[in-house]
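Working notes for the structure below.
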Amino acid sequence: MGRKGIGKLSLFSIAKTIEVRTVKDNQRSAFRMQLDEIKRKIGEREATYKPEVLSTEDIDFEKGTQITITDPKKRIYQAASALRTRLARRFSIIGSANHFAVSINDEAVSHTDRDYYHKVQYLWTFGDEKGSYKKLCTEVESMENLPGRLDSGDEVQGWIGTVEESGKLKDQHGDNLNRIVVLVRGKVAQEDILEEFGETGIFSSYLIGEVHADFLDADDQDDIATSSRQRIIEDDPRYEVLKTFIGKTLKKIQNEWTRLRNEEGSKKAIEIPAIKEWFNKLGPDQKGKAKSLFGKINSLTIEDPDDKKRLFKQAVIAFEGFRYKNNLEALESVSIENIEAVTEIFSNLDDIEATLYHQIISERIGVIRTLQEKVRNNALEKVIQQHVFDHLWLLDPSWERATGSEIMEQQVRTEFGEIETDLTEKEKKARLDIKYRTTSGKHIIIELKRADHRMSVYDLSKQISKYKAAMTKLLKDSLRWTPTLGQDLGGNKL
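The UniProt record's numbering puts the first residue of the sequence shown at 1, with every later residue one more than the last.
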């Protein structure tokens, strides 16, 4: 990419003094060029400028060229970090492997200074049999190596990756990393081949990559670079072949990326306990549709995790709305490129609310019928206990949000810890056949008997008195004593 010679003096755009030291066939040369002196010669209308010859005694290498830039312009010395990053991105041959070293203030520039490899989440490489790009992209979660042979028989090397969040493709220096760079002979030849495909969807906003296509600058072929040396002649057949290859590769990557994001979206969604419980109750087909919807949400350019969680929850509500209407197929029309459609689905809150009420009522009727069936069949005490324990609202609607220990049928002394009290042995052995709960400042003890068991009012009163005495002593000792009136399920004060 250097045939025209235009770039030979371009260093003077950033500095005033350039020193060159070179060794070839044991011949050593060194000279200095100064911009102010060149301008003076031009002003005096002198046709010849002769660089200042320097001593070669300080040359410490056997072969090659060293260029030293001093007297920087535009205060680039104040932006050494940005300069380091941009130089690393401009030249792919930097490093000892290619005998091409670049240093700023005596500190070597390396591949890691590109500052984007660690951002890659999913990676696709081509022509990289040694896995060198995988080593650079240290945070990769999924990687696949693809063939690098073009339809013309030429070969390319490189990689295309996607990031987890599109915002990661804006770096600290304000540069846009959302592009696929074409490099030829170790230097940027095309800033962004991605723009050639007119990709405007969400998928494209996650892309980054490098394509090394040295075949574009074969010595026996015409020069393919434009006069700016920053782009390639777009109607050249060699470039057309490269574009075809990249286009096919992007289609393959898009399909795989969608699958990976769907899986990731499902994992993120079910990290929310309520969604996990809901998801586990779905059938196989419904789970597939839910995963697809979660994946589309996960692919939206939403950077705030809390916003994404809220959207996952809204998606569950919308899903239930469509399921109630037997219209889950409508979810397939939602595209990650059409966020307006997603918003429209979540907008009809009245309809969704009606759906939820219907679902809640249907579920509660089912719970009541199950209890009635167990009672009719004279089910064992523990069976009914478990059913009622799971649905305390069966006894009193206000107990739906009652709180307490999850342990059933514990002895009173275990329920409240090993507390020294003056309980009688008979009181200590009093059992809580269902649960101890608290709600609205009240302490609730629930004891169930089998359906065919009969108790007299006298026996019931004795049982209540026993529990009341034990609870009073234990609560006083545990500093949880708050006197309150109790009542039986018939509403009678005790």
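Ideal Cβ positions, reconstructed from N, Cα and C, are used throughout, including at glycine.
Neighbour-count burial assignment, residue i, 16 or more Cβ in a 10 Å radius
i           : result
Gly43       : exposed
Ser92       : buried
Gln121      : buried
Thr472      : exposed
Lys291      : buried
Tyr49       : exposed
Ala80       : exposed
Trp108      : The identity of residue 108 in the sequence shown is Ala, whereas the question assumes Trp. Exposed, by the Cβ-count rule.
Val53       : exposed
Asn378      : exposed
residue 510 : One cannot answer for residue 510 here, as it falls past the ends of the chain, which runs 1 to 494.
Gln299      : Here the sequence assigns Ser to residue 299, which means Gln is not the residue at that position. Burial call: buried.
Thr162      : buried
Arg40       : exposed
Arg369      : exposed
Ile384      : buried
Leu293      : buried
CB contact flag (residue i, residue j, <8 Å)
i           : j      : result
Gly295      : Thr244 : no
Arg28       : Ile67  : no
Asp192      : Gln157 : no
Asp445      : Tyr467 : Note that residue 445 is Ile in the sequence shown, not Asp. The answer is yes: Cβ separation under 8 Å.
residue 502 : Gly198 : Outside the shown range of the chain (1 to 494) lies residue 502, about which nothing can therefore be said.
Val242      : Ala213 : A quick correction: the sequence has Leu, not Val, at residue 242. For Leu242 and Ala213, yes; Cβs fall inside 8 Å.
Lys63       : Lys24  : yes
Ile272      : Lys309 : yes
Val367      : His391 : yes
Leu146      : Lys134 : no
Ser110      : Gly95  : yes
Phe126      : Gly148 : yes
Residue i versus residue j - alpha carbon distance
i      : j      : result
Arg89  : Lys170 : 14 Å
Glu46  : Asp220 : 38 Å
Ile14  : Ile297 : 46 Å
Thr22  : Ile38  : 22 Å
Leu216 : Glu240 : 11 Å
Arg86  : Arg114 : 7 Å
Trp278 : Gln386 : 21 Å
Val182 : Gly283 : 47 Å
Leu432 : Arg454 : Note that Leu432 scores a pLDDT of 42, beneath 50, so its modelled location is shaky; the value from the coordinates is reported in the next line. So the alpha carbons of these two residues sit roughly 18 Å apart.
Gly247 : Asn176 : 21 Å
Lys382 : Ile202 : 55 Å
Ser55  : Val20  : 11 Å
Gln372 : His443 : 27 Å
Ser266 : Lys187 : 41 Å
Leu489 : Val388 : Interpretation of Leu489 is limited by its pLDDT of 42, a score under 50 that renders its predicted location unreliable; the figure taken from the coordinates is listed afterwards. Between Leu489 and Val388, the C-alpha separation is close to 14 Å.
Phe12  : Ile18  : 8 Å
Asp222 : Pro237 : 11 Å
Glu427 : Ala318 : Because the pLDDT of Glu427 is 44, which lies under 50, any placement of that residue in the model is unreliable, and the number read from its coordinates should be weighed accordingly. Approximately 53 Å, taken between the alpha carbons.
Thr112 : Asp285 : 45 Å
Ser10  : Ala82  : 19 Å
Thr70  : Arg32  : 11 Å
Lys276 : Gln254 : 28 Å
Leu35  : Leu250 : 46 Å
Thr343 : Asn280 : Reliability of the predicted coordinates at Thr343 is poor, the pLDDT of 49 falling under 50, and no value is obtained from them.
Ile365 : Leu380 : 22 Å
Pro305 : Lys73  : 43 Å
Met408 : Ile361 : Reliability fails at Met408, whose pLDDT of 37 lies under 50, so the model's placement of it is uncertain and no value is given.
Asp106 : Ala30  : 20 Å
Asp235 : Val211 : 19 Å
Glu195 : Glu363 : 53 Å
Beta-carbon separation (whole angstroms), residue i vs residue j, contact threshold 8 Å
i      : j      : result
Ser205 : Ser166 : 4 Å
Leu150 : Ile180 : In fact, because the Cβ distance is near 16 Å, the residues do not count as touching under 8 Å.
Phe312 : Ala274 : Actually they are not in contact, since the Cβ atoms of Phe312 and Ala274 sit about 10 Å apart, beyond 8 Å.
TODO: Evaluate the contact criterion for the segment 127 to 141 versus the segment 97 to 110: three or more CB pairs, one atom per stretch, below 8 Å.
DONE: Segments in contact, no.
Task: Segment contact flag, the segment 229 to 238 with the segment 180 to 194, C-beta cutoff 8 Å, min 3 pairs - done: The segment 229 to 238 makes contact with the segment 180 to 194; the number of CB pairs closer than 8 Å reaches 3 or more.
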